[in-house]
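These notes are about the structure you will find just below.
There are 2 protein chains.
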Amino acid sequence: MDPLTLRQRRCLEAVLAHRRRTGLPPTYRELGRALGIASTQGVRRHLEALERKGYVRMRATARGLELSEEIEGAAGIPILGRIAAGRPVEALENFEGAVDMGALYGTYPEVFAVRVVGDSMTGAGIRDGDLAVVRAAPKVENGAVAAVAIDGEATVKRFYAERGAVTLVAANPRYAPRIIRENEGREVRVLGRVVGLVRRMGT
Amino acid sequence: MDPLTLRQRRCLEAVLAHRRRTGLPPTYRELGRALGIASTQGVRRHLEALERKGYVRMRATARGLELSEEIEGAAGIPILGRIAAGRPVEALENFEGAVDMGALYGTYPEVFAVRVVGDSMTGAGIRDGDLAVVRAAPKVENGAVAAVAIDGEATVKRFYAERGAVTLVAANPRYAPRIIRENEGREVRVLGRVVGLVRRMGT
DNA sequence: TTGACTGGTGAACGATCGTTCACTATACTT
DNA sequence: AAGTATAGTGAACGATCGTTCACCAGTCAA
């Protein structure tokens with residue numbers, strides 16, 4: 016992407032700041048106020064430059080200012096590749112993508128999350144308190160890590176379906192495989208395949 | 016939250032749909048078009064009802080329609096508690112929060128992510144290819160899982176600082192602790208504490 | 001020195017947008 | 001029978017918003 020002038024960079028930062036603060040893109044006049052520019056035309060010039068250089072897109076509607084994918088990503092949680100010698104990261108550089116739940120996993124209702132309780136899947140790097148991201152599906156292939164509801168209680172296990180029974184295998188030697196046969200009267204429902212994991216640790 | 020009438024629910028769904036499609040909240044007239052309502056007043060009545068019941072907030076500005084925290088969360092990836100007997104989840108019910116990166120961890124530049132390479136931290140449930148979410152800080156307390164840059168190369172390890180040396184301890188018995196003394200001439204820089212983890216698995 | 005680019009002011013036009021007023025109709029409760 | 005909530009139409013007002021036109025000034029390369 017083409018480099019920005021100082022003023023253009025300030026303009027882009029003001030757009031990001033406004034979005035963080037209000038949740039909406041700014042109008043020309045709001046941007047002008049933030050930058051100390053009296054004329055909407057002055058603001059427009061900057062935005063046209065930003066559009067020409069690929070940082071934003073302008074839609075002819077109220078608050079129609081869009082950020083390009085690259086900038087949109089950087090505005091969230093950027094994924095850093097190499098860490099350079101200078102500051103942790105300079106603005107809008109040195110990132111290889113962004114942690115965006117929607118882009119990463121998809122959105123509800125196809126995708127949802129279940130909180131994992133217990134240490135039965137530590138062998139698969141899934142720990143107590145983690146959020147398992149589940150792509151909803153009525154069935155999953157044998158051996159996949161799946162979220163399964165047994166009598167309404169959700170658990171995350173490696174899943175195997177056999178003739179007349181399902182087997183739930185933990186990833187922890189302290190837990191024996193659990194076999195549930197069809198004639199047991201239990202309601203076993205596959206919620207979907209576990210496609211991701213989100214953990215919060217420390218303070 | 017107060018229950019919605021069918022029409023009000025349709026209206027709320029239209030707001031969500033418009034935001035998913037365009038990234039912006041709809042205007043009264045856009046909403047009216049989506050719902051087959053000719054008068055802006057008809058739309059406004061519904062939104063006033065939604066506001067009264069706590070689903071949205073209305074700001075007197077272009078596209079000033081905000082969703083309440085609860086609904087905002089449900090529009091992303093909801094975290095499900097108990098899974099009821101019916102459909103996986105009914106719309107806007109039965110969730111205990113949302114997986115939202117900003118709300119979960121904070122935002123750039125205080126927070127960023129680093130891709131983990133290797134299996135040195137499997138004992139802590141951190142695996143090859145995971146994204147470690149890092150809260151930027153120049154120093155971390157002893158024993159914390161931290162992201163550290165050694166000569167510009169980022170690694171995630173348990174961190175200990177002692178007089179004149181730092182020790183990086185892996186969570187995998189196959190890796191010995193790594194001790195780096197100050198007089199070795201290596202540049203060791205603490206990037207911050209690892210406060211989260213995001214993984215993508217399966218297909 | 002003639003452009004091209006950047007960074008502005010000021011005014012104005014038409015479209016969009018939030019808001020308000022007056023009026024109609026149905027359904028349910030009191 | 002009166003009141004309240006829902007669900008609309010239609011018109012209008014003023015504010016906001018995107019867009020455009022004319023004009024000015026500094027910098028820098030051709």
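Chains U and Z are the protein sequences, given in the same order.
Just so you know, we're using the working numbering here: the first sequence kicks off at 16 and counts up by one.
Just so you know, we're using the working numbering here: the second sequence kicks off at 16 and counts up by one.
Note that CB positions come from ideal geometry on N, CA and C, so glycine has one too.
Taking Cβ-Cβ distances shorter than 7 Å, what residues in chain U pair up with residue i?
i	result
residue 81 of chain Z	38
Just to confirm before moving on: does the CB-CB distance between residue i and residue j stay below 8 Å?
i	j	result
residue 209 of chain U	residue 148 of chain U	yes
residue 181 of chain Z	residue 136 of chain Z	no
residue 30 of chain U	residue 43 of chain U	no
residue 138 of chain Z	residue 191 of chain Z	no
residue 198 of chain U	residue 175 of chain U	no
residue 27 of chain Z	residue 80 of chain Z	no
residue 211 of chain Z	residue 216 of chain U	yes
residue 193 of chain Z	residue 166 of chain Z	no
residue 70 of chain Z	residue 54 of chain Z	no
residue 25 of chain Z	residue 50 of chain Z	yes
residue 19 of chain U	residue 78 of chain Z	no
residue 189 of chain U	residue 140 of chain Z	no
residue 266 of chain Z	residue 153 of chain Z	Only positions 16 to 218 of chain Z appear in the structure, and residue 266 of chain Z is not among them; the question remains open.
residue 207 of chain Z	residue 155 of chain Z	yes
residue 213 of chain Z	residue 160 of chain U	no
residue 17 of chain U	residue 68 of chain U	yes
residue 196 of chain Z	residue 184 of chain Z	no
Any heavy atom of the ligand GTP closer than 7 Å to the beta-carbon of residue i?
i	result
residue 35 of chain Z	Ligands in the displayed structure: none, and consequently the ligand GTP is not present.
Counting along the chain, where does the beta strand (DSSP E) carrying residue i start and finish?
i	result
residue 190 of chain Z	Residue 190 of chain Z -> no beta strand (DSSP E), and no H or E assigned at all.
residue 182 of chain Z	180 to 184
residue 170 of chain Z	168 to 177
residue 151 of chain U	146 to 151
residue 163 of chain Z	160 to 165
residue 197 of chain Z	That residue, residue 197 of chain Z, is in no beta strand (DSSP E); it is neither H nor E in DSSP.
residue 81 of chain U	80 to 82
What does residue i reach in chain Z if we use C-beta pairs closer than 8 Å?
i	result
residue 137 of chain U	140
residue 77 of chain U	42, 77, 78
Mind listing the chain Z neighbours of residue i? Cutoff is C-beta to C-beta under 7 Å, in chain order.
i	result
residue 159 of chain U	217
Along the chain, where does the alpha helix (DSSP H) that runs through residue i open and close?
i	result
residue 207 of chain U	It is not in any alpha helix (DSSP H) - residue 207 of chain U instead sits in the beta strand (DSSP E) that spans 203 to 215.
residue 28 of chain U	21 to 37
residue 74 of chain Z	Unbroken run through residue 74 of chain Z: none, as it is neither H nor E.
residue 63 of chain Z	55 to 67
residue 48 of chain Z	43 to 50
Q: Please name the residues in the stretch 41 to 64 of chain U whose beta-carbon is closer than 8 Å to at least one beta-carbon of chain Z, in chain order.
A: Of all residues in the stretch 41 to 64 of chain U, only 42 place a beta-carbon less than 8 Å from a beta-carbon of chain Z.
Q) Looking at chain U, which residues of the stretch 190 to 218 of chain Z have a Cβ within less than 9 Å of any of its Cβ atoms? A) Cβ proximity to chain U below 9 Å picks out 202, 204, 206, 207, 208, 209, 210, 211, 212, 213, 214, 215, 216, 217, 218 from the stretch 190 to 218 of chain Z.
Q) Are at least three pairs of beta-carbons, each pair with one atom in the stretch 148 to 160 of chain Z and one in the stretch 127 to 134 of chain Z, less than 8 Å apart? A) Using a Cβ-Cβ distance cut-off of 8 Å, the stretch 148 to 160 of chain Z and the stretch 127 to 134 of chain Z are in contact, since at least three pairs of beta carbons, one from each stretch, lie closer than that value.
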